[in-house]
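Engineer: Structure in structure tokens, see below.
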Amino acid sequence: MATRLLPTPSAVPPPIRALNTTTSNSSKRSDYLAVKTKAEDHPVLALLDDYSRLDAKAIRRIHGRMLRLGLLGHPYSASRLLVACSLSPSADLPYARQLFDHLPAPNLFTWNTLIRAHASGPDPRLALFLFSRLLRHSPHSPDKFTFPFTIKAAAELSALRDGTALHGMIAKSPLFRSDIFILNSLIHFYAACRELDLSLRVFEMISERDVVSWNSVITALAQGGRWDEALQLFEEMENENVRPNDVTMVSVASICGKKGDLELAKQIHSYIEQNGIRQSLILDNALLDMYVKCGSLEEAELLFDSMTSKDSISWTTMLVGYAKLGCLDAARRLFDQMPKRDIASWNALISCYEQSGHPKEALDLFHELQHADAKPDQVTLVAVLSACSQLGALEVGCWIHAYIKKNNVELNCHITTSLIDMYSKCGDLDKALNVFSSVNKRDVFVWSAMIAGLAMHGRGREALNLFGKMQEAKVKPNMVTFTNVFCACSHAGLVDEGRLYFSQMLPVYGIAPSAEHYSCMVDILGRAGLLEEATEYIESMPMPPGASAWGALLGACAIHKNVELGELACERLLELEPRNHGAYVILSNLYARSGKWDAVASLRKLMKDASLKKEAGCSLIEVHGAVHEFLVGDISHPLKERIYLQLDEIALRLKAAGYVPNRKLVLQDIEEDVKEKALYLHSEKLAIAFGLISTCSPAPIRITKNLRVCDDCHLVAKLVSSIYNRDIILRDRYRFHHFTGGSCSCMDYW
Numbered sequence: 001m002a003t004r005l006l007p008t009p010s011a012v013p014p015p016i017r018a019l020n021t022t023t024s025n026s027s028k029r030s031d032y033l034a035v036k037t038k039a040e041d042h043p044v045l046a047l048l049d050d051y052s053r054l055d056a057k058a059i060r061r062i063h064g065r066m067l068r069l070g071l072l073g074h075p076y077s078a079s080r081l082l083v084a085c086s087l088s089p090s091a092d093l094p095y096a097r098q099l100f101d102h103l104p105a106p107n108l109f110t111w112n113t114l115i116r117a118h119a120s121g122p123d124p125r126l127a128l129f130l131f132s133r134l135l136r137h138s139p140h141s142p143d144k145f146t147f148p149f150t151i152k153a154a155a156e157l158s159a160l161r162d163g164t165a166l167h168g169m170i171a172k173s174p175l176f177r178s179d180i181f182i183l184n185s186l187i188h189f190y191a192a193c194r195e196l197d198l199s200l201r202v203f204e205m206i207s208e209r210d211v212v213s214w215n216s217v218i219t220a221l222a223q224g225g226r227w228d229e230a231l232q233l234f235e236e237m238e239n240e241n242v243r244p245n246d247v248t249m250v251s252v253a254s255i256c257g258k259k260g261d262l263e264l265a266k267q268i269h270s271y272i273e274q275n276g277i278r279q280s281l282i283l284d285n286a287l288l289d290m291y292v293k294c295g296s297l298e299e300a301e302l303l304f305d306s307m308t309s310k311d312s313i314s315w316t317t318m319l320v321g322y323a324k325l326g327c328l329d330a331a332r333r334l335f336d337q338m339p340k341r342d343i344a345s346w347n348a349l350i351s352c353y354e355q356s357g358h359p360k361e362a363l364d365l366f367h368e369l370q371h372a373d374a375k376p377d378q379v380t381l382v383a384v385l386s387a388c389s390q391l392g393a394l395e396v397g398c399w400i401h402a403y404i405k406k407n408n409v410e411l412n413c414h415i416t417t418s419l420i421d422m423y424s425k426c427g428d429l430d431k432a433l434n435v436f437s438s439v440n441k442r443d444v445f446v447w448s449a450m451i452a453g454l455a456m457h458g459r460g461r462e463a464l465n466l467f468g469k470m471q472e473a474k475v476k477p478n479m480v481t482f483t484n485v486f487c488a489c490s491h492a493g494l495v496d497e498g499r500l501y502f503s504q505m506l507p508v509y510g511i512a513p514s515a516e517h518y519s520c521m522v523d524i525l526g527r528a529g530l531l532e533e534a535t536e537y538i539e540s541m542p543m544p545p546g547a548s549a550w551g552a553l554l555g556a557c558a559i560h561k562n563v564e565l566g567e568l569a570c571e572r573l574l575e576l577e578p579r580n581h582g583a584y585v586i587l588s589n590l591y592a593r594s595g596k597w598d599a600v601a602s603l604r605k606l607m608k609d610a611s612l613k614k615e616a617g618c619s620l621i622e623v624h625g626a627v628h629e630f631l632v633g634d635i636s637h638p639l640k641e642r643i644y645l646q647l648d649e650i651a652l653r654l655k656a657a658g659y660v661p662n663r664k665l666v667l668q669d670i671e672e673d674v675k676e677k678a679l680y681l682h683s684e685k686l687a688i689a690f691g692l693i694s695t696c697s698p699a700p701i702r703i704t705k706n707l708r709v710c711d712d713c714h715l716v717a718k719l720v721s722s723i724y725n726r727d728i729i730l731r732d733r734y735r736f737h738h739f740t741g742g743s744c745s746c747m748d749y750w
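The UniProt record's numbering puts the first residue of the sequence shown at 1, with every later residue one more than the last.
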């Protein structure tokens with residue numbers, strides 16, 4: 001519910017008295033152009049002619065001289081000083097208020113000046129308070145300037161009740177209810193309050209609409225998502241022979257970009273050129289953004305190169321365009337060419353790297369930002385924390401958290417969610433829980449992130465308990481929350497709980513299960529070996545089953561060695577995604593586990609003929625703040641000799657403990673010793689060896705892998721944790737594995 005925001009020094013604002021629409025003699029004498037006396041010729045006032053160049057100290061010095069000369073008793077000179085105090089770039093509004101309060105008889109011009117300044121200032125409520133004071137304590141009545149300034153304040157605050165009260169006062173006055181300046185302000189006000197129909201109603205009341213009227217309503221509809229209506233009004237504007245200006249075209253270009261309609265975008269650009277509409281920098285930037293959002297880098301580049309003037313928005317828009325379309329090298333070159341980089345530019349490239357799967361480059365750029373003495377903001381921190389999450393870079397993530405604390409960065413829900421996600425994905429669930437417990441304000445995203453963290457670490461019961469506490473806190477779950485709840489059920493084998501929550505989604509929580517939720521249920525049932533029921537869920541989906549549903553069923557068939565159903569699931573999956581190499585790999589593993597080596601060979605030949613390559617295994621490990629990357633059989637690391645010596649030692653100690661390599665995971669057409677060596681060189685084994693020589697007990701060895709950990713590496717990690725008495729925390733594509741004393745937190749269920 002909207003609340004009234006007109007403040008008073010005590011508490012509740014005074015009631016607004018009925019507007020006196022008659023204009024007194026004193027009001028006429030003190031209209032917007034204040035009465036001039038001989039004081040206007042005083043040379044001190046000439047110092048205020050270009051007040052935009054004056055800083056606060058200079059204005060105060062002039063104030064002092066005017067006091068000594070007795071000039072403040074003249075309305076004109078007092079008005080000039082107040083304008084400088086309140087409207088200059090270095091405006092000091094508290095000082096302007098003090099000056100105003102000491103004026104013996106402020107005229108309407110000074111009232112309007114101060115209301116105008118506060119309407120655009122940091123606290124627009126003061127403009128409403130001043131308007132209330134004007135009505136109660138001044139002999140003057142509001143004029144056609146007072147209302148637009150006050151309405152602007154109400155718009156800034158989205159104060160619907162106050163703005164509606166102002167509208168009511170205006171409607172009672174024949175003098176004001178047809179004033180186009182006031183009515184245009186009301187259009188903007190209702191748009192700011194998201195009351196677009198009321199904006200349109202005011203627009204329709206205007207008998208002679210100017211370009212500002214049209215711009216106001218077109219902009220309102222554009223920002224409110226009613227794009228087709230806005231374009232229709234643009235056509236009507238032309239039909240009524242009202243010439244659009246650059247402001248009009250900024251809104252129209254914005255609509256084209258949001259619609260992603262390149263043909264319309266080109267037509268609008270051509271219209272601007274053919275009609276000689278002034279192309280301001282703001283309009284050029286809007287057109288640039290339009291082409292970027294329509295996916296046309298060619299048109300964007302042509303426009304960018306032709307722009308005679310560019311600001312940071314121009315450069316950043318082009319930067320985002322390159323990054324969105326995957327041209328990261330071009331984005332980096334453009335970034336290096338920028339004459340001046342603000343934090344928005346840094347954020348654009350860091351976010352682009354992070355969102356396009358290049359987290360290491362995102363962190364490298366963040367380090368550049370630090371050396372450039374730029375100050376990261378909340379957008380930077382969220383992007384960098386996400387990059388840490390992808391890499392498993394716990395030490396860097398901890399440094400970011402310490403930076404947030406040291407610099408008193410507000411721990412809003414967005415940053416809290418990012419911290420919980422980072423700690424969870426970097427393997428330190430205790431710190432994630434500490435962050436969650438330390439904040440009082442938790443929105444649905446904070447709760448969902450913590451549920452996800454518990455789920456990926458296999459602590460399904462705790463995740464479901466937290467979901468219960470979320471409901472007790474009266475926080476309504478969303479679709480992501482349920483995805484995380486189902487993941488918790490899947491990793492912990494909580495089949496009955498998964499069925500229960502799925503059945504409650506629509507009747508209890510009002511959320512219709514999506515294709516992703518059905519896929520989660522297929523995964524829960526499939527992992528538990530309930531393949532028939534999992535298939536029934538796919539067949540009962542109200543939407544066509546997607547790749548994720550068939551992929552979940554295929555994965556379950558691989559675990560439980562159901563070749564016939566696995567072949568069906570793979571066939572359906574490849575119909576949707578013909579180049580999904582993962583499907584071939586999973587089916588190949590299913591054949592291998594079932595001893596169907598001829599089928600394995602045939603499948604590998606199909607992949608080769610289709611030029612499909614298995615995604616290479618890659619393991620990351622962070623040591624002393626640096627992230628080290630290992631591929632299968634990697635020999636590129638500077639410490640490769642020590643790493644392989646450590647691997648040899650591990651192999652000897654494993655065999656002494658009775659370990660036998662699982663050679664079934666390797667193709668049959670190679671020698672047994674070669675099979676063993678192939679297993680020996682898996683990326684996670686290299687990362688474990690590096691962790692053993694680079695870190696000391698009791699520090700855990702933390703590894704992030706891009707694929708599912710294979711059975712043999714899982715067994716080796718369990719044995720190493722026991723033989724070397726070292727905890728190993730390994731995150732694979734699906735979940736976390738905490739290896740301690742020879743056992744794994746997943747209970748061999750993954």
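The C-beta atom is built at its ideal place from N, Cα and C for all residues, glycine as well.
Quickly, what does DSSP pair glutamate 629 with across the bridge? List them, please.
Structural biologist: Leu620
Engineer: Any contact of the stretch 699 to 711 with the stretch 484 to 499, i.e. 3+ C-beta pairs under 8 angstroms?
Structural biologist: Taking a contact to require three or more Cβ pairs closer than 8 angstroms, the stretch 699 to 711 and the stretch 484 to 499 do not qualify as touching.
Engineer: On a CA-only basis, which of Glu410, Lys406, Phe445, Ala402 is nearest lysine 431? Give me that one, please.
Structural biologist: Ala402
Engineer: Could you please give the first and the last residue of the uninterrupted beta strand (DSSP E) stretch that includes threonine 740?
Structural biologist: 736 to 740
Engineer: Tell me whether aspartate 289 is buried or exposed, calling it buried when 16 or more other Cβ atoms sit within 10 Å of its Cβ.
Structural biologist: With at least 16 other beta carbons inside 10 angstroms of its own, aspartate 289 counts as buried.
Engineer: Tell me the DSSP secondary structure of glutamine 668 in three-state form.
Structural biologist: Since pLDDT at glutamine 668 reaches only 48, below the 50 mark, its modelled position is unreliable, and the value read off the structure follows with that caveat. Residue state, collapsed to three classes: coil.
Engineer: Any idea if valine 381 is buried or exposed, counting beta-carbon neighbours within 10 angstroms, 16 or more meaning buried?
Structural biologist: Strictly speaking, residue 381 in this sequence is leucine, with valine absent from that position. With 16 or more other Cβ atoms inside 10 Å of its own Cβ, leucine 381 counts as buried.
Engineer: Ignore the nearest five residues each way along the sequence and tell me which others in valine 444's own chain have a CB closer than 6 angstroms to its CB.
Structural biologist: Contacts found: Val475, Asn478.
Engineer: Of the choices Ser588, Ser548, Ala558, whose alpha-carbon is the least far from that of leucine 573?
Structural biologist: Answer by Cα proximity: Ser548.
Engineer: Quick check on this structure: which residue in Ala119, Asp179, Leu198 has the alpha carbon closest to the alpha carbon of isoleucine 187?
Structural biologist: Leu198
Engineer: What's the call for serine 697, buried or exposed, on a 16-neighbour Cβ count within 10 Å?
Structural biologist: With fewer than 16 Cβ atoms within 10 Å of its Cβ, serine 697 is classed as exposed.
Engineer: Provide the residue(s) that pair with lysine 605 in DSSP beta bridges, ordered along the chain.
Structural biologist: None, per the DSSP bridge assignment.
Engineer: Start and end of the alpha helix (DSSP H) containing arginine 642?
Structural biologist: Start and end: 640 to 656.
Engineer: Taking C-alpha atoms, which residue in Leu114, His102, Gln98, Ser386 lies nearest to histidine 74?
Structural biologist: Of the candidates Leu114, His102, Gln98, Ser386, the one whose C-alpha sits nearest the C-alpha of histidine 74 is His102.
Engineer: With DSSP as the reference, please indicate the residues paired to cysteine 744 in a beta bridge.
Structural biologist: DSSP lists Phe739 as the bridge partner or partners of cysteine 744.
Engineer: To the nearest angstrom, report how far apart leucine 302 and isoleucine 343 are at their CA atoms.
Structural biologist: 26 angstroms
Engineer: How would you write the range of the beta strand (DSSP E) that lysine 705 sits in, first residue to last?
Structural biologist: 701 to 705
Engineer: With DSSP run on the structure shown, which of helix, strand or coil describes residue 751?
Structural biologist: Examination of residue 751 is not possible in this model, given that the chain is present from 1 through 750 alone.
Engineer: Taking Cβ positions, are leucine 506 and alanine 512 nearer each other than 7 angstroms?
Structural biologist: yes
Engineer: Who are the near neighbours of arginine 177 in its chain, counting only those whose CB is closer than 7 angstroms to its CB and skipping five residues on each side?
Structural biologist: Closer than 7 angstroms at the Cβ level, and outside the excluded window around arginine 177, lie Ile170, Ala171.
Engineer: Using the three-state DSSP reduction, which class does glutamine 279 fall into: helix, strand or coil?
Structural biologist: coil
Engineer: What separation, rounded to the nearest whole angstrom, lies between the Cα atoms of aspartate 648 and leucine 681?
Structural biologist: Whole-angstrom Cα-Cα distance: 11 angstroms.
Engineer: Got a sec, what are the start and stop residues for the alpha helix (DSSP H) threonine 316 sits in?
Structural biologist: 312 to 324
Engineer: Going by Cα to Cα distance, which pick from Gly326, Ile59, Ile313, Thr146 is closest to phenylalanine 181?
Structural biologist: Thr146
Engineer: Skipping 5 residues on each side, what residues in its chain have a beta carbon closer than 6 angstroms to that of leucine 48?
Structural biologist: Only Arg80, Ala84 meet the Cβ criterion.
Engineer: If you follow the alpha helix (DSSP H) that phenylalanine 482 is part of, which residue opens it and which one closes it?
Structural biologist: 479 to 492
Engineer: So, for methionine 607: in the same chain, excluding its five sequence neighbours on each side, which residues have a beta-carbon less than 6 angstroms away from its beta-carbon?
Structural biologist: Tyr584
Engineer: For alanine 452, is the classification buried or exposed, using 16 other Cβ atoms within 10 angstroms of its Cβ as the cut-off for buried?
Structural biologist: buried
Engineer: Under 7 angstroms between the Cβ atoms of arginine 653 and isoleucine 723?
Structural biologist: Contact: yes.
Engineer: Check whether the Cβ atoms of isoleucine 703 and isoleucine 621 lie closer than 7 angstroms to each other.
Structural biologist: Between isoleucine 703 and isoleucine 621, the C-beta spacing is below 7 angstroms.
Engineer: Look at alanine 220 and serine 251 and say whether their C-beta atoms are less than 7 angstroms apart.
Structural biologist: With contacts defined as CB atoms closer than 7 angstroms, alanine 220 and serine 251 fail to qualify as a contacting pair.
Engineer: Based on Cα-Cα distance, which residue from Arg133, Arg53, Ser540, Asp123 lies nearest to lysine 152?
Structural biologist: Asp123
Engineer: Can you give me the Cβ contacts of glutamate 229 inside the same chain, cut-off strictly under 7 angstroms, excluding the 5 residues immediately before and after it?
Structural biologist: Leu221
Engineer: For arginine 579, which residues in the same chain have their Cβ closer than 8 angstroms to its Cβ, ignoring the five residues on either side in sequence?
Structural biologist: Ala610, Leu612
Engineer: Helix, strand or coil for isoleucine 511 per DSSP?
Structural biologist: coil
Engineer: Tell me whether lysine 561 sits in a helix, a strand or coil according to DSSP, three-state version.
Structural biologist: coil
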